[in-house]
Amino acid sequence: MTSLQKTVQLPSGEQIPALGQGTWEMGEKSRARADEIEALQTGVDLGLTLIDTAEMYGDGDSEKLIAEALGHRRNELFIVSKVYPHNGSETGVKAACERSLKRLQTDCIDLYLLHWRGGEDLEGVIAGFENLKAAGKIRHWGVSNFDTEDMVELFALENGNRCASNQILYNVARRGPEFDLLPWMRERNMPAMAYSPVDHSRLPKQSVLNDIAEARGVSPTQIALAWVLQQPGVLAIPKASTIAHVKENAAARDIELSSEELAQIDAQFKPPKSKRPLEML
Ligand SMILES: NC(=O)c1ccc[n+]([C@@H]2O[C@H](COP(=O)([O-])OP(=O)(O)OC[C@H]3O[C@@H](n4cnc5c(N)ncnc54)[C@H](OP(=O)(O)O)[C@@H]3O)[C@@H](O)[C@H]2O)c1
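This note's numbering puts the last residue of the sequence shown at 319; the count rises by one with no breaks.
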């Protein structure tokens with residue numbers, strides 16, 4: 039299998055790319071626009087066809103950038119967008135989705151997520167998402183920043199178990215979800231979507247990642263990304279606004295860390311021994 043075919047499976051059985059592209063903080067500065075468009079297009083050329091956005095990003099400007107950069111390639115894409123919790127009601131998600139569809143210039147979002155918990159009417163959100171699915175406006179729905187107890191609460195509600203994914207902060211330096219959230223999701227065949235997979239550029243400047251990277255002739259960021267991609271049932275959505283970074287990230291799919299390298303990483307970036315509340319960016 040070539041790296042371009044690397045996928046993870048949704049509970050429905052559909053395969054989606056294990057490596058996608060995030061777009062937070064993109065589409066906000068006019069002088070960066072041309073580079074961002076080129077970066078997104080290069081990513082899609084390299085098979086990074088899952089694109090993550092949200093109504094929050096740039097107040098809709100990220101969704102507009104995606105339409106401008108990739109509108110002509112809509113049928114190649116798997117688009118993920120998110121609704122604010124303050125729009126989290128049966129009618130609120132419908133209206134927010136219509137606005138996102140308009141900005142994205144498409145008639146369907148592939149995966150629509152509740153961005154985080156914050157005073158939403160969770161039963162109403164599920165009903166709204168199910169209505170949007172029935173109307174063909176979204177294909178799947180899910181959540182983001184849900185810890186284990188939030189997932190349990192969701193699954194206790196009518197149709198709550200139709201959730202397709204949970205997008206969470208997860209990377210080599212933030213391994214809390216490994217204690218109980220990821221196992222809980224794996225038992226239900228639900229992939230986790232790792233956001234900030236290279237820790238929003240805050241990984242330590244010197245670490246075991248540098249040693250492994252140097253020995254392999256790649257970058258530490260690529261090692262951090264390869265580590266996420268090696269976790270079962272996890273997909274990653276790094277944000278890169280330059281072509282060079284996009285190419286590096288795409289090449290990280292070809293890196294398979296050995297058990298020795300994984301053990302070296304565990305020695306510095308320790309897996310959790312007890313519950314750590316889910317972190318959020
Ligand atoms: N659901 C949520 O609550 C939530 C929260 C945060 C993020 N997200 C999603 O997840 C996406 C990714 O998270 P993130 O943007 O927070 O962090 P990230 O992807 O971990 O890090 C992005 C930073 O890393 C840099 N970078 C990317 N590839 C690199 C490479 N190969 N070498 C060196 N630096 C590299 C980027 O620089 P350049 O831009 O200069 O290339 C940018 O500064 C977001 O864009 C968004 O779509 C979701």
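Ideal placement from N, C-alpha and C gives every residue a C-beta, glycine not left out.
Keep in mind it's a predicted model, so treat the numbers as computed, not measured.
beta-carbon residue i near ligand 1 non-hydrogen atom, thresh 7 Å
i: T280; result: yes
i: H153; result: yes
i: I250; result: no
i: V236; result: yes
i: H283; result: yes
i: L219; result: no
i: W62; result: yes
i: P315; result: no
i: Q306; result: no
i: Y122; result: no
i: L88; result: no
i: M260; result: Checking the sequence shown, residue 260 turns out to be Gln, not Met. Checking every heavy atom of ligand 1 against the Cβ of Q260, one is found closer than 7 Å.
As assigned by DSSP and simplified to three states, the class of residue i
i: T40; result: A caution first: T40 carries a pLDDT of 43, below 50, which makes its placement in the model unreliable, though a value can still be read off. In this structure, T40 counts as coil in the three-state DSSP scheme.
i: K67; result: coil
i: P309; result: coil
i: G81; result: helix
i: A107; result: helix
i: Q302; result: helix
i: S119; result: strand
Residues near residue i by beta carbon distance below 8 Å, same chain, minus five either side
i: S312; result: F217
i: Q260; result: A251, E286, N287, A289, A290 and I293
C-beta contact flag for residue i and residue j at 8 Å
i: V163; j: V190; result: no
i: E101; j: R141; result: yes
i: V306; j: S245; result: What sits at residue 306 in the sequence shown is Gln, not Val. In this structure, S245 lies closer than 8 Å to Q306 by Cβ.
i: V46; j: L273; result: yes
i: L108; j: L86; result: no
i: L295; j: Q269; result: no
i: P310; j: G214; result: yes
i: E93; j: S138; result: yes
Residues near residue i by beta carbon distance below 7 Å, same chain, minus five either side
i: K67; result: none
i: G60; result: D90, Y233, I275, P276 and K277
i: W154; result: P123, S182, N183 and M318
Beta-carbon contacts of residue i that lie in its chain and below 6 Å, excluding the five residues immediately before and after
i: E168; result: N197
i: R224; result: G271
Any non-hydrogen atom of ligand 2 closer than 7 Å to residue i Cβ
i: I275; result: Ligand 2 is absent from the structure shown, which contains only ligand 1.
Exercise. If you pair each beta-carbon of the segment 88-103 with each one of the segment 118-134, do three or more pairs fall below 8 Å?
Worked result: In short, these stretches touch, since the Cβ pair count reaches three.
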